[in-house]
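Asker:
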Amino acid sequence: YTVDGNLTISGTNNHPNGKHILILVNGDVTINSDIKVSQGNGNLLIIAAKGNIKIAETVGVAHASPSINLEGFYSAEKSIVINGYGTTCVANPDGDKRLNIAGALIANSANPFSNSETGVVLNNRSLCTDDGTDPTFTVTTRPDFITQLTDFYKDKYYKWEEVKP
């Protein structure tokens, strides 16, 4: 699928079984809800944005919960921004929700070997009192996704630099 402009994902998002889905977005992606991809059955989800991918502060779980919120590969030519509520721990001692991802986050995909910070994974979440014991976000592998990648999705990266003779 291609989206010419920005894409906002909201509501219930369950990936259909036995499908490879590649969504190319010529803009920014905003994710406002969980995205689930069943294991096995040849399932794969890739969302690739020309701009930024922004994950809303509402996407997440309780601090110690291992429940997965986002499944798939998320690639942005610019940054991936994990938004928090932006309140201080004094005002909100419980802090933000924890975000759990199964798959991969890829920021700065257009310039993976750039020395400047043109695209980053920016984590704007805090668990306040639980920061010392629980992570604000986790990314775990999904080996079943790796086996579904074809040569179309794979790319070789080279870093070229001039060397003084």
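For the sequence shown, my numbering begins at 7 and goes up steadily by one.
Glycine included, C-beta positions come from ideal geometry on N, C-alpha and C.
Once DSSP output is grouped into helix, strand and coil, what is the label at residue 64?
Answerer: Correct three-state label for residue 64: coil.
Asker: Do residue 9 and residue 43 have their C-beta atoms closer together than 8 Å?
Answerer: No, they are not a contact pair.
Asker: Rounded to whole angstroms, what is the Cα-Cα separation between residue 28 and residue 141?
Answerer: Using only the alpha carbons, I get a separation of about 29 Å.
Asker: Do the segment 46 to 59 and the segment 93 to 107 make contact, defined as three or more Cβ pairs closer than 8 Å?
Answerer: No: the two stretches stay apart, fewer than three of their Cβ pairs being nearer than 8 Å.
Asker: Between the alpha carbons of residue 154 and residue 99, how many angstroms are there, rounded?
Answerer: Answer to the nearest angstrom: the Cα atoms are 42 Å apart.
Asker: Would you identify the three-state DSSP class for residue 88, choosing helix, strand or coil?
Answerer: Strand.
Asker: In the structure shown, what three-state DSSP assignment does residue 74 receive?
Answerer: In the structure shown, residue 74 sits in coil (DSSP, three-state: anything other than H, G, I, E or B).
Asker: Can you tell me which of the three DSSP states residue 135 falls into?
Answerer: In this structure, residue 135 counts as helix in the three-state DSSP scheme.
Asker: So, are the CB atoms of residue 54 and residue 104 less than 8 Å apart?
Answerer: For residue 54 and residue 104, no; Cβs fall outside 8 Å.
Asker: Evaluate residue 16 with the Cβ neighbour count: other Cβ atoms within 10 Å of its Cβ, from every protein chain shown; 16 or more gives buried, anything less gives exposed.
Answerer: It counts as exposed.
Asker: Consult DSSP for residue 36 and reduce its assignment to one of helix, strand or coil.
Answerer: Strand.
Asker: Exposed or buried, residue 126, counting other C-beta atoms within 10 Å across all chains shown (16 or more means buried)?
Answerer: Under this definition residue 126 is an exposed residue.
Asker: Assuming residue 112 and residue 81 are in contact, meaning their beta carbons sit under 8 Å apart, how far apart are those beta carbons, in whole angstroms?
Answerer: Residue 112 to residue 81, Cβ: 4 Å. Contact.
Asker: Compare the beta carbon distance of residue 90 and residue 130 with 8 Å and say whether it is the shorter of the two.
Answerer: In contact: residue 90 and residue 130 (Cβ atoms closer than 8 Å).
Asker: So what does residue 109 bridge to, in DSSP terms?
Answerer: For residue 109, which the question treats as bridged, DSSP gives the partners 78.
Asker: Is residue 116 buried or exposed, if buried means 16 or more other CB atoms sit within 10 Å of its CB?
Answerer: The residue in question, residue 116, is exposed, as its Cβ has fewer than 16 Cβ neighbours within 10 Å.
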